[in-house]
Structures are given as C-alpha cells and as structure tokens.
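Trainee: Under our numbering, the first residue of the sequence shown is numbered 227, with each subsequent residue one higher.
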Amino acid sequence: MTERDYQPDEANIRQAPYLEYPLYFHSTGQVMLHSTVAPTLQLLPGRKLRFAVALDDAQPVIVDTLPDSSEHAWQHAVLDGSRTITTPLHITRSGAHRLRIYLLDPAVVLHRLLLDSGGVKPSYLGPPQSLYLTDGTAAINGAQ
227 MTERDYQPDE ANIRQAPYLE YPLYFHSTGQ VMLHSTVAPT LQLLPGRKLR
277 FAVALDDAQP VIVDTLPDSS EHAWQHAVLD GSRTITTPLH ITRSGAHRLR
327 IYLLDPAVVL HRLLLDSGGV KPSYLGPPQS LYLTDGTAAI NGAQ
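Below, the structure written as structure tokens:
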C-alpha cells in the first residue's frame, strides 16, 4: 500500500501508518502538543496535509498542517523553515502512556514534537531533548 492508495476517513484512521512514542506523566491535566512540520504546500489535488494524534486508546484528533493558507502564513513558514501546530491533549491518569501519530495525507514531514505540561519558556528552537530512562539508567540522546 502506498500513501496514494490510502484514502483516510474518520472510520479508518487507526489503520493508517503511524509512529508510536512511549511517554510517562507524573500528573494529570491538559498538555499541549506542539508539532513542528516542514513548510510544505498541498501536493495532490483534493488532498490536504494532515496527520492525527491519539493518546493511548483515545479517539484520534485530526491535525491540519495548513490551517491558514494565506500568502502571509506561507511567507512566515518559509522564513522559519517550518510550521508549528498546537494540539491540546488531556492526561486522565499519571503513569505510562502511548502517543501515536497517524499519517493521513502524503508529504507531511514531521520535524519535532514538543509536549508542554507547563513551564516551557518561549524560545526559537525550543528546549533540548528531555531525560529518559532505559533499564533504570539515565540517558540523554542515547549516551549513558
């Protein structure tokens, strides 16, 4: 199956190709997912540039990477070399979770995902990658 063969709709999002990230939250509440994508234009007539996000078994939320198709928005995206789309997610329990990013349309280029549970200070490039644990040992960027 190629991206052109897959025609997503609300009923079959979960059958789309996806990326999966294990996460751990220490508290509940709303977090903001900032998705940074390449400043791509719509390539195929009748198709958009969308992906969907789902936390655990929640209903996937469709994210449109071109919410503003004005010339001003395009100029800003080209100057920055990216677009950032913010999607709220609700954490109902602390502990381990799974974030899935489903591909709905071809040519979506995902550069970076940033989960903000509060306290992220504004900056051009965002914070560095966070600390994660593997086998009880702290590691950053794969280095032990």
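All C-beta atoms in this analysis are idealised placements derived from N, C-alpha and C, irrespective of residue type, glycine included.
1. Would you please state the rounded distance, in angstroms, between the beta carbons of residue 253 and residue 320? I believe it to be under 8 Å.
2. Please state whether the Cβ-Cβ distance between residue 317 and residue 261 is less than 7 Å.
3. Evaluate residue 331 with the Cβ neighbour count: other Cβ atoms within 10 Å of its Cβ, from every protein chain shown; 16 or more gives buried, anything less gives exposed.
4. Taking just the CA atoms, how far does residue 351 sit from residue 315?
5. Would you tell me roughly how many angstroms separate the C-alpha atoms of residue 245 and residue 280, rounded to the nearest one?
6. Is it a yes or a no for the stretch 325-342 touching the stretch 294-303, going by three-plus beta-carbon pairs under 8 Å?
7. Taking Cβ positions, are residue 337 and residue 249 nearer each other than 7 Å?
8. Confirm, please, whether the CB-CB distance from residue 239 to residue 278 is below 7 Å.
9. Put residue 319 into one of helix, strand or coil per three-state DSSP.
10. Is the separation between the beta-carbon of residue 349 and that of residue 257 shorter than 7 Å?
11. What I want to know is whether the C-beta of residue 294 ends up closer than 6 Å to one or more non-hydrogen atoms of the ligand PLP.
12. Could you tell me the distance, in whole angstroms, from the CA atom of residue 369 to the CA atom of residue 275?
13. Could you pull out every residue in the same chain whose Cβ sits closer than 6 Å to the Cβ of residue 326, ignoring the five residues on either side in sequence?
14. So if DSSP puts residue 311 in a beta bridge, which residue, or which two residues, is it bridged to?
15. In this structure, does DSSP put residue 306 in helix, strand or coil?
Mentor: In terms of the structure at hand:
1. Rounded to the nearest angstrom, the Cβ distance from residue 253 to residue 320 is 6 Å, consistent with a contact under 8 Å.
2. Contact flag unset, no.
3. Taking all protein chains shown into account, residue 331 has 16 or more neighbouring C-beta atoms within 10 Å of its C-beta and is therefore buried.
4. Between residue 315 and residue 351, the alpha-carbon positions lie close to 22 Å from each other.
5. For residue 245 and residue 280, the gap between their C-alpha atoms comes out near 11 Å.
6. In short, these stretches do not touch, since the Cβ pair count stays below three.
7. Not closer than 7 Å, so no.
8. Contact check for residue 278 against residue 239 passes: the beta carbons are separated by less than 7 Å.
9. Correct three-state label for residue 319: coil.
10. Taking 7 Å as the cut-off, the beta carbon of residue 349 is found no closer than this to the beta carbon of residue 257.
11. The ligand PLP is absent from the structure shown, which contains no ligand whatsoever.
12. Note that residue 369 scores a pLDDT of 47, beneath 50, so its modelled location is shaky and nothing firm can be said.
13. By the criterion of a C-beta distance shorter than 6 Å, residue 326 is surrounded in its chain by 244, 246 and 280, once the five residues flanking it on both sides are discounted.
14. 261.
15. Correct three-state label for residue 306: helix.
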